[in-house]
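FYI, the numbering for the sequence shown is 31 to 341, going by our numbering. Report on the structure given below.
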Amino acid sequence: MTGKVKVQPLSRAGLQPLVAMAEQLRASLPGWGDTTPIAVRGQPPSDLALDLRHLAHHDGDGFLTASIGDEVVGFVASYVRSRQLNVSQPWVLPEYRDHEVAEQLVKRAIAYGERAGATDCAAHVLGESRWQAMFFRFGLRPRFPIYRLALSAEHARAAGQGLAKLKPSSELTQDALQRRSGAADLERLDRLARGVTRPTDHEYWLTERRLRLVKVRDGQRIAAYACGGFGQCGPMAAATGEAALAALGRALQFAADAGEPEVQVLVSATFESAIENLLDAGAECRASSVWMSRQPGSTLERYVLASPTVS
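Below, the structure is given as structure tokens:
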């Protein structure tokens, strides 16, 4: 466990072992045991595998690995959106968790963000309190919990049908998606609810992940959007509370109709009405994580996270 830590951008050829590392480490976290990878031929890639591949392709300079000697002992994926650096959960081998590995990774990620012009830094911290303490030393502060809620597809569909009635909505056709129809609405709503814009991520969700997209109306104005599909409920962003619940309803329906037995939702504790409705529908709170940032910024009170990695 001794030796100098070398931090460098990911080599494209070295992604798969890192995915396997992260999947095993995530499954070991409290409340994430159901994500244990299944070694079955034909099993679709996990959300974590797909998200990491997306970030490695588009944000390679922020995808950093740490090695000691010839062994890769950890990594972190970071990316900049609208002058905000987002640092994902650091993944470090258990035998090195008391080492300086994670600190060196985050230090280099923050330096990458500064070079890219970021003026804020945010992190969605899944693991132990030691990670929160480390980010605290880099100037980030805990803002609110993020809850990982899970409910059966049947209950998600029923809850979604009730919530969707709150506001009129329409799903975008495949032709409209290909023409990027209404992209300006997505950017406006992301800016309001999430504090950033991210067309690259929407491209990924709608093309590679093949998520369905709905827009919710409040009068003549688009007041919310929501995505959902196989293995994912969200992202969802809204300008008003009622539109947020209606959009959540459609996202729950999309995820429930995708064929998975369960629907999982990552939602901030500040989005109280969503949590109340999900718990009333029979959702189980599997895990709690923490959103940290340097500046108070968006409270995510009308927002559902896409995933733990690309939030």
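Just so you know, even glycine gets a beta-carbon here, dropped at the ideal spot from N, CA and C. Computed from a predicted model, the values in this text were never measured in an experiment.
- Taking the C-beta atoms as reference points, Ala107 is found nearer than 8 Å to Leu82.
- With respect to Ala267, Tyr333 sits close: the two C-beta atoms are nearer than 8 Å.
- Restricting attention to alpha helix (DSSP H) runs no shorter than 4 residues, the segment 252 to 337 encloses them at 271 to 286 and 302 to 310, ordered along the chain.
- If you draw a straight line from the Cα of Ser298 to the Cα of Phe284, it is about 20 Å long.
- In the three-state reduction of the DSSP assignment, Val340 falls in the coil class, being assigned neither a helical nor a strand state.
- For Gln114, the enclosing beta strand (DSSP E) begins and ends at Gln114 to Val117.
- Rounded to whole angstroms, the Cβ separation of Ala311 and Ala277 is 16 Å, and the two are not in contact under 8 Å.
- When the Cα atoms are used, Trp235 and Ser112 turn out to be separated by approximately 18 Å.
- Just measuring C-alpha positions, the residue of Leu40, His88 and Ser118 sitting nearest Ser341 is Ser118.
- Ala273 sits away from Lys195, with the two beta carbons spaced by 8 Å or more.
- Assigned with DSSP and collapsed to three states, Pro74 falls in coil, not helix or strand.
- With distances taken between CA atoms, Ala317 lies nearest to Glu158 out of Glu158, Thr230 and Lys245.
- Glu201 is bridged by DSSP to Val244.
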